[in-house]
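Everything in the sequence shown is counted per the numbering used here, starting at 212 for the first residue and increasing by one. Idealized CB from N, CA, C, for every residue including glycine. This structure is a prediction, so every number in the text was calculated from the model and none was measured. First up is the structure itself, then whatever we jot down about it.
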Amino acid sequence: MNRVLHRFRTLPIRARLSLLVAAAVAFAVAAVSVTCWFIVQGKLYEQVNNDLEKMLGRGVGPDGVIVCATSSQSSNSDKDEFQPRNGYVQLVREDGTTCVPRYSEGTVKVTDSDKSVISRADPDRGIYRNGTDEDGNAVRVLTVYKGIDQVTSKPAALMVATSLKGTQSTLNELALILLLVSGVGVLGAGAAGLAVARAGLRPVDKLTEAVEHVARTEDLSVRIPVEEDSEDEVARLSRSFNSMTSSLASSRELQQQLIADAGHELRTPLTSLRTNIELLTRSEETGRPIPEADRKALLASVKAQMTELAALIGDLQELSRSEGQRGERVQVVSLEDTVESALRRARLRGPELTIDADLRPWYVRAEPAALERAVVNILDNAVKFSPEGGSVEVRLTSDGTLTVRDHGPGIAEDELPHVFDRFWRSPSARALPGSGLGLSIVARTVEQAGGQVTLGHAPGGGTIATVHMPGAPTPPPENPAAGQ
212 MNRVLHRFRT
222 LPIRARLSLL
232 VAAAVAFAVA
242 AVSVTCWFIV
252 QGKLYEQVNN
262 DLEKMLGRGV
272 GPDGVIVCAT
282 SSQSSNSDKD
292 EFQPRNGYVQ
302 LVREDGTTCV
312 PRYSEGTVKV
322 TDSDKSVISR
332 ADPDRGIYRN
342 GTDEDGNAVR
352 VLTVYKGIDQ
362 VTSKPAALMV
372 ATSLKGTQST
382 LNELALILLL
392 VSGVGVLGAG
402 AAGLAVARAG
412 LRPVDKLTEA
422 VEHVARTEDL
432 SVRIPVEEDS
442 EDEVARLSRS
452 FNSMTSSLAS
462 SRELQQQLIA
472 DAGHELRTPL
482 TSLRTNIELL
492 TRSEETGRPI
502 PEADRKALLA
512 SVKAQMTELA
522 ALIGDLQELS
532 RSEGQRGERV
542 QVVSLEDTVE
552 SALRRARLRG
562 PELTIDADLR
572 PWYVRAEPAA
582 LERAVVNILD
592 NAVKFSPEGG
602 SVEVRLTSDG
612 TLTVRDHGPG
622 IAEDELPHVF
632 DRFWRSPSAR
642 ALPGSGLGLS
652 IVARTVEQAG
662 GQVTLGHAPG
672 GGTIATVHMP
682 GAPTPPPENP
692 AAGQ
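Here is the structure:
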């Protein structure tokens, strides 16, 4: 059985569907055919039973005596008057002996059930049964208690029977017809199941071809046509495939763009590093020393380029981290403490600036290191573009809204839609240090925490960054500390 099931599972889906449909139809046709055969059999036997009941009145003479074949009273007139049409008539006694009149077609074999009718002595309770005559022919028998036999003065029963040859022939023909119809029905069901399977699996074939094409050519532009109003499983699968290929194509495009942008951004510090190192190396090789002041300037430039390169690589690593890596480190974090930590770093980078902070308690679910880096990036931008001796205002309200405002030159209106793009830098900021990834990291970190970040013009000049993150003014009861 297990081997059969295993072989069935290894068949193609079309073959399995065809076999299942054929099996289901075969079962249904078999059930209907068997039911039909038994219903017809019951109707035919009911008709035969009615004929036997009519024969009871013709099986006895006018005086109530059955004239047996051995009786001297028999005559051709008796036979002509009392003989049933196509029937058997005989009298059976308690000892099993029978009395068969001349007009009976033959003798029916007596059974114990016929004798039991005599012992019951109830003329209203006859029995129907199938039996055979002396030649072995099938007959339908009705045995009814007659009373006292006038010849022997003993209890006796009257047996009437009719041949079942025609009935059985009809039933056999019906069985053959039903068998042929069932066979044709099963074959037709198998063919119909195969056709239905082919039609139903045609979209799956298209999907398979599309998947194989993508695997073979890596062409993510393939789309499977789907009817807009279709909501069946195949349509949903096709839509999911189209959505998956669209996402993969978009991801590949972003990846290629990231690689191209990263290569472009890395080229500048690497070129500068190579130039400075080549100058230092050539000085050593030629024995012509570089003036001390120029040498210190070259080493400072190398150090600055190395720092910029390290920062750029760190930003790229941050952007390349997957969602799963972030999800494992998410905690309940005090945004107030995070901003305080970022402020301490910002004050070291811009000691000449005045940074005014007003912070309220607010707790969010985020990755602590990523959240602090995002806040640091926002403050770095404010410090970078603030004029010397200027001020930066930082506010964290009781509803979880963080605002950072500077009094710098601001951002042009046509540049605002691009401020969160990767590697995008405004023309006025290209001379300043930075990779163009800071605000992109901010946007990604805030969105992953379920918040929103915007950058706009501040009233009176300058730029204001607004961050709103979902959370609460108090930590969860099960973990009153800053993290969980």
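Exposure of residue i, with buried meaning 16 or more beta-carbon neighbours within 10 Å
i	result
Glu464	exposed
Pro414	buried
Pro598	exposed
Lys166	Since the first residue shown for the chain is 212 and the last is 695, residue 166 is missing from the structure and cannot be characterised.
Asp325	buried
Ile396	Here residue 396 turns out to be Gly, not Ile, going by the sequence shown. Buried.
Met455	exposed
Ser545	buried
Val245	exposed
Ile359	exposed
Ser288	In this predicted model, Ser288 has a pLDDT of only 44, less than 50, meaning its place in the structure is not dependable enough to derive any value.
Phe596	buried
Ile622	buried
Ala332	exposed
Gly498	exposed
Ala593	buried
C-beta atoms of residue i and residue j nearer than 9 Å
i	j	result
Glu604	Leu570	no
Gly404	Val232	yes
Glu316	Ala367	no
Asn341	Val352	yes
Pro312	Val300	yes
His629	Gly673	no
Ile589	Ala676	yes
Arg540	Ala580	yes
His679	Thr612	yes
Val303	Leu369	yes
Ala577	Gln659	yes
Ala241	Ser441	no
Leu418	Phe452	yes
Tyr701	Asn260	With the chain running from 212 to 695 in the structure shown, residue 701 is simply not present.
Gly298	Val251	no
Val575	Pro681	yes
Leu390	Cys247	no
Val407	Leu228	yes
Asn487	Leu459	no
Thr656	Leu559	no
Residues near residue i by beta carbon distance below 7 Å, same chain, minus five either side
i	result
Gln516	Pro480, Ser483 and Leu484
Ala568	Leu554 and Val605
Pro223	none
Asp262	Thr373
Thr665	Thr677
Val236	Gly396, Val397 and Ala400
Distance between residue j and residue i (C-alpha atoms, nearest Å)
i	j	result
Leu385	Lys265	27 Å
Lys376	Leu398	33 Å
Val543	Leu564	32 Å
Asn378	Asp443	The sequence shown places Thr at residue 378, rather than the Asn named in the question. When rounded, the distance between both Cα atoms is 53 Å.
Val422	Asp610	49 Å
Leu490	Gly525	28 Å
Phe631	Leu650	5 Å
Gly600	Leu627	26 Å
Val550	Arg584	10 Å
Ala557	Ser457	41 Å
Glu257	Thr363	34 Å
Gly411	Ala446	11 Å
Thr492	Leu520	21 Å
Lys507	Gln467	39 Å
Ala654	Thr608	20 Å
Gln361	Asp346	29 Å
Trp573	Ile566	20 Å
Thr614	Val586	10 Å
Ser286	Asp344	Residue placement at Ser286 is flagged as unreliable, the pLDDT there being 42, under the threshold of 50; the coordinate-derived value follows with that caveat. Approximately 24 Å, taken between the alpha carbons.
Ala239	Leu387	17 Å
Paired residues, beta bridge with residue i - DSSP
i	result
Gly411	Gly411 pairs with nothing; no bridge assigned.
Arg576	Val543
Leu607	Leu570 and Leu613
Cys310	Leu302
Thr381	DSSP lists no partner for Thr381.
Leu353	Tyr339 and Val371
Gln663	His679
Asp443	Answer is none; Asp443 lacks a bridge partner.
Val319	Asp344
Ala358	Residue 358 is actually Gly in this sequence, not Ala. In the DSSP output, where bridge partners are listed per residue, Gly358 has Ala367.
Neighbourhood of residue i by C-beta distance below 8 Å, restricted to the same chain and skipping five residues each side
i	result
Arg450	Val437
Leu255	Thr378, Thr381 and Leu382
Neighbour flag for residue i against chain D, beta carbons, 9 Å
i	result
Gly377	Absence of chain D from the displayed structure is noted, only one protein chain being present.
6 Å CB neighbourhood of residue i in its chain, flanking five on each side removed
i	result
Gly661	Pro681
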